[in-house]
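Colleague: Provided herewith is a single structure, encoded as structure tokens, for subsequent inquiry.
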Amino acid sequence: MGADPLPGRLDEIVEEFADLPRDLKLELLLDYANGLPRLPERYAANRDSLEQVHECQTPFFVATELEDGHVHLHFDAPDEAPTTRGFAGILHAGLDGTSPEDVLGVPADFSARLGLNDAVSPLRLRGIAAILGVVQRQVRARAAAGA
Amino acid sequence: MTVAPDTAEKLQGYAHPERLVTTDWLAAHLDDPNVVVAESDEDVLLYATGHIPGAVKVDWHTDLNDPVARDYVDAEGFARLMSEKGVSRDTTLVFYGDNFNWWAAYALWVASLFGHPDVRLLDGGRQKWLAEGRETTTEVPSPAPADYPVVERDDSEIRAFRDRVLAHARAGGRLVDVRSPGEYSGELLHMPDYPQEGALRGGHIPGASNVPWKTAANDDGTFKDAADLRRIYLDDLGLGAGADVIAYCRIGERSSHTWFVLTHLLGLGNVRNYDGSWVEWGNAVGVPIERPGQPVRPPL
């Protein structure tokens, strides 16, 4: 292996998924889907302030905030898209509250490390990479604006 | 043991009404020991969030496809899958799923490659069942393993491979491209709102007509009635009863939906699904491609 450590709780999460049989991987992904916090009122009332991730198979929205050096992530995806919600739940659990450097340090191949290739189609895995890409672009812009 | 077909009036206009069931029929047959209901979704987690009581899950990606070869499971693999799901050769197998039954139709088509005698689709799929407020559960059934014979897959009747498609195009055969107009013209290399799926070239197979799959569906997920379907595919598109037709899309799921319409709802006897579809054709070296207003290259 020898892969560089991942920021935030992502290493722990990768560890959780590792070695699980396929069915349990899907169960765990569903736990993350269910654990994804609902969109805060200020965004729910004003969805135009969210950025849509067009690479996802379902309507999916992202907002990021930078407060006192901590990144906060907000996601919105319909209940009929639990896989997409699960990916968002992983990024939320792994990265919410970390620093911009942490968020920007997540490698683009992060989704591959989850070992979901045998459980989720390649198209879906590309969705998680796209979500991460949008999060990182927003955080980069916010960090630059705040610097 | 044969389970009597659904006698709902709408279905009787179709060529093979016994291939479709309504939500009413299914609700009345959930406890029928000769019926197995299987959910096949695009989103592989959806089943776990709630499904029709007693329904098993069939995962298009991991259950129906070989993990190494780019092909479906073999005869032993299919027999094992059916056995695990409690399906025997004389079981009435009813598929339903999300997204207008794309993957349910795909699963039905794969089951047809193995000649499963009685396989049906739930008209309206998951969407209609939920819209009607019908019961769902998260309880996963553990069916007793059934005896399922090892039956060789027959790819000769309803499946098309690339070489056949090429010969078909050269002979001027009928091809139905069921993708969106943007994918057909080559402006888009993927479905609207979907990620790029890795085709290197855009366009369509020379001579193909563009009839997006959704043309055959109502907004509630059900199929249009027989008169509408006849007008669309027989009158407007001009497919005759004996037409030799190949349908394709991107990876064969949307064209399974149209294959079902042409074969079972309209009764055309010579329709094949090209499951390699655009992901294969748009990446294959040297095959002819057509774009609107341009000569086919390389020439047929």
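Here the protein sequences line up with chains Z and Y, keeping their order.
Here the first sequence stands for residues 43 to 189, numbered as in this note's numbering.
Here the second sequence stands for residues 22 to 321, numbered as in this note's numbering.
Built from N, CA and C at the ideal position, the CB exists for glycine as well.
Predicted model, so just to flag it, every value in this text is computed and none were measured.
#1: At which residues does the beta strand (DSSP E) containing F59 (chain Z) begin and terminate?
#2: For a minimum of 3 consecutive residues, which ranges assigned as the beta strand (DSSP E) are wholly contained in the segment 131-162 of chain Y?
#3: Assign H189 (chain Y) to one of two classes, buried (16 or more other C-beta atoms within 10 Å of its C-beta) or exposed (fewer than that).
#4: Return no unless some Cβ of chain Y is closer than 9 Å to the Cβ of P124 (chain Z).
#5: Taking N294 (chain Y) as part of the beta strand (DSSP E), name the residues at either end of that continuous run.
#6: Should R180 (chain Y) and R293 (chain Y) be called a contact, given that it needs their Cβ atoms to be closer than 9 Å?
#7: Given a limit of 8 Å on CB to CB distance, which residues of the segment 113-131 of chain Y reach chain Z?
#8: Determine whether the Cβ of R166 (chain Z) lies closer than 9 Å to any Cβ atom of chain Y.
#9: What are the residues that DSSP puts in a beta bridge with N86 (chain Y)?
#10: Within a Cβ cutoff of 7 Å, which residues of the same chain sit near M43 (chain Z), ignoring the five residues on either side of it in sequence?
#11: Considering only the beta carbon of each residue, do V181 (chain Z) and L146 (chain Z) sit closer than 9 Å?
#12: Under 7 Å between beta-carbons, which chain Z residues line up against T157 (chain Y)? List them in chain order, please.
#13: Taking the alpha-carbon of R51 (chain Z) as reference, which of Z:L92, Z:V176, Z:V148 and Z:L158 has the nearest alpha-carbon?
#14: Quick check on DSSP: helix, strand or coil for A247 (chain Y)?
#15: If you reduce the DSSP assignment to three classes, tell me which class F102 (chain Z) lands in.
#16: Grab me the residues of Y35 (chain Y)'s own chain with a C-beta within less than 6 Å of its C-beta, minus the 5 sequence neighbours each way, in chain order.
#17: Would you say P202 (chain Y) faces chain Z, with C-beta separation under 9 Å as the test?
#18: Can you tell me which of Y:W234, Y:Y205, Y:P227 and Y:P233 puts its alpha carbon nearest to the alpha carbon of A220 (chain Y)?
#19: From Y:L66, Y:E60 and Y:N231, pick the residue whose C-alpha is nearest to that of T271 (chain Z); which is it?
#20: Just to confirm my understanding: we take A59 (chain Y), look at its own chain, exclude 5 residues before and 5 after, and list those with CB closer than 6 Å. What are they?
#21: Just by C-beta distance, which residues in the segment 133-163 of chain Z are closer than 8 Å to chain Y?
#22: Which one or two residues does DSSP pair with Y269 (chain Y) in a beta bridge?
#23: Going straight from the alpha carbon of L187 (chain Y) to that of D296 (chain Y), what length do you get?
#24: From the DSSP output, in three-state form, read off L232 (chain Z) for me.
#25: Evaluate contact between the segment 135-153 of chain Y and the segment 35-51 of chain Y, counting only Cβ atoms and requiring at least three cross-stretch pairs below 8 Å.
#26: Cutting at 8 Å between CB atoms, please list the residues of its own chain near P227 (chain Y), excluding the five before and the five after it.
#27: Spell out whether any CB of chain Y is found under 9 Å from the CB atom of E93 (chain Z).
#28: Among residues of its own chain, excluding the 5 on either side of E301 (chain Y), which ones have a beta-carbon nearer than 7 Å to its beta-carbon?
Modeller: So, from the listed chains and residues:
#1: Element bounds for F59 (chain Z): not the beta strand (DSSP E) but the alpha helix (DSSP H), L52 to F59.
#2: If we require 3 residues or more, the beta strand (DSSP E) runs fully inside the segment 131-162 of chain Y come out as 140-143.
#3: H189 (chain Y) comes out buried.
#4: yes
#5: V292 to N294
#6: yes
#7: Against chain Z - using a Cβ distance shorter than 8 Å - the residues of the segment 113-131 of chain Y are D119.
#8: With a threshold of 9 Å between beta carbons, R166 (chain Z) makes contact with chain Y.
#9: Note: N86 (chain Y) sits in a beta bridge opposite Y:Y93.
#10: With a pLDDT of only 48 at M43 (chain Z), under the threshold of 50, the placement of this residue in the model should not be trusted, and no figure is reported.
#11: yes
#12: Result: empty, since nearest Cβ-Cβ is about 13 Å, beyond 7 Å.
#13: With distances taken between CA atoms, R51 (chain Z) lies nearest to Z:V148 out of Z:L92, Z:V176, Z:V148 and Z:L158.
#14: helix
#15: In this structure, F102 (chain Z) counts as coil in the three-state DSSP scheme.
#16: A247 and L286.
#17: no
#18: Y:Y205
#19: As displayed, chain Z neither begins before 43 nor continues past 189, which places residue 271 (chain Z) out of reach and without an answer.
#20: V77, V79 and F116
#21: For chain Y, the residues of the segment 133-163 of chain Z that bring a beta carbon within less than 8 Å of one of its beta carbons are D160, A161, V162 and S163, in chain order.
#22: The partner list for Y269 (chain Y) (beta bridge, DSSP) reads Y:D198.
#23: 14 Å
#24: For residue 232 (chain Z) there is no data in the structure shown, the boundaries of chain Z being 43 and 189.
#25: yes
#26: Excluding positions up to five away in sequence, the list reads A190, P309, I310, E311, V317 and L321.
#27: In terms of beta-carbon proximity, E93 (chain Z) stays away from the interface with chain Y, with every pair separated by 9 Å or more.
#28: R183
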